[in-house]
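Residue numbering for the sequence shown is 2 to 247, as defined by this note's numbering.
All residues carry an ideal CB built from backbone N, CA and C; glycine is no exception.
Quick caveat: nothing in here was measured; it's all calculated off a predicted structure.
Right, one structure below, let's go through it.
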Amino acid sequence: MNNIENKVVVITGASSGLGEATARYLAARGAAVVLGARRTEKLEQIAGEIHTAGGKAEVVATDVTNKQQVQALIDTAVRVYGRVDVLINNAGLMSIAPLDELKVDEWDRMIDINVKGVLYGIAAALPQFRKQNSGHFINIASVAGIKVFSPGGTVYSGTKFAVRAISEGLRHEVGGSIRTTTIEPGAVDSELKLGSSHQASSNFVQEFYKLAIPADAVARAIAYAIEQPADVDINEIVLRPTVQDF
């Protein structure tokens with residue numbers, strides 16, 4: 002049985018990287034995908050290619066730091082397809098720099114996107130999941146949410162530790178009919194590696210990411226969690242390049 006086919010999957014940060022790869026992978030397996038990101042021209046291109054391949058996709062301009070826009074993303078899925086089966090809270094920012102650099106604006110931005118963006122997604126989707134008595138939250142954390150990535154990634158790690166904590170509390174609170182999965186990738190080829198304005202840190206990240214695995218590796222992990230029977234909740238998946246020791 003294909004437990005992905007005909008599911009309605011909402012994805013934030015869907016214009017590139019993990020979000021794009023996941024949208025394409027799930028749509029090819031029969032899911033209807035609702036794509037949210039700020040770069041609507043990229044979303045339209047992805048959705049167009051999904052349509053050409055015979056799939057279903059909708060596009061909604063979404064900045065996850067704006068709770069009204071996140072709500073509109075969920076509302077669009079319900080309006081078009083009648084329900085939401087899965088929300089993938091994927092949008093993220095990784096700005097690496099030593100704390101001494103005092104990149105306070107970047108700290109704020111990471112908290113707004115990586116933590117508050119996830120919470121806004123939960124706030125938008127949870128009432129619908131309650132109404133349906135079913136649903137699946139998939140929150141993208143990081144191996145940096147398991148072990149602090151320092152120097153340089155201290156605040157980023159803090160946001161990803163927060164995603165793991167929120168996800169575990171969510172799992173415990175939502176009860177038996179709503180599933181919660183946290184995905185914790187290592188180095189994956191995406192635009193995440195481009196988020197650092199501190200030059201020395203950026204150079205380090207670019208070098209480190211030479212070992213990155215393709216984004217569709219994460220898409221397959223997400224699909225694995227989704228395709229399980231309703232009474233099976235895959236709570237946590239950690240994946241990284243085989244050669245990555247962190």
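Residue i versus the options, residue with shortest Cα-Cα distance
i    : options                  : result
A248 : I214, V65 and I97        : The shown model of the chain, from 2 to 247, leaves out residue 248, and the question about it has no answer.
A28  : D76, V11 and G56         : G56
N134 : A126, A216 and M111      : A126
R39  : A22, N67, A24 and A58    : N67
D101 : H199, E228 and L240      : H199
V219 : R30, T181 and G187       : G187
N236 : D246, H137, R25 and Y157 : H137
N115 : P99, S143, L103 and K104 : S143
R30  : L240, E228 and V239      : E228
A222 : K8, N7, T13 and A22      : A22
A216 : R241, R84 and V164       : R241
L225 : T183, E169 and A54       : First, the amino acid is wrong: residue 225 is Tyr here, not Leu. It is T183.
T181 : V9, E50, I238 and K161   : I238
E169 : G159, G196 and N140      : N140
Those residues which DSSP pairs with residue i across a bridge
i    : result
G37  : T13 and V61
H137 : V87 and R180
I238 : I184
V189 : I214
Endpoints, alpha helix (DSSP H) assigned at residue i
i    : result
I167 : T155 to V175
I75  : K68 to Y82
R30  : From DSSP, R30 is part of no alpha helix (DSSP H); its letter is neither H nor E.
V105 : V105 to M111
Give a yes or no on contact between the region 85-94 and the region 118-127, applying the rule of three or more CB pairs nearer than 8 Å.
-> At 8 Å Cβ cutoff, the stretches touch.
For the region 202-236, list the beta strand (DSSP E) runs that are entirely contained and at least 3 residues long, ordered along the chain.
-> Correct list: empty.
Segment contact flag, the region 190-205 with the region 13-25, C-beta cutoff 8 Å, min 3 pairs | The region 190-205 is in contact with the region 13-25.
Check whether the region 40-47 touches the region 207-219, taking contact to mean three or more Cβ pairs, one atom from each stretch, closer than 8 Å.
-> As far as the Cβ criterion goes, the region 40-47 does not touch the region 207-219, which means the pair count is below three.
Mind the definition here: the region 146-153 touches the region 107-117 only if three or more C-beta pairs lie below 8 Å; say whether that holds.
-> They do not touch, by the three-pair rule.
Answer yes if the region 74-81 comes into contact with the region 173-185, meaning at least three C-beta pairs across the two stretches below 8 Å, and no otherwise.
-> Taking 8 Å as the limit for Cβ pairs, the verdict is that the region 74-81 does not touch the region 173-185.
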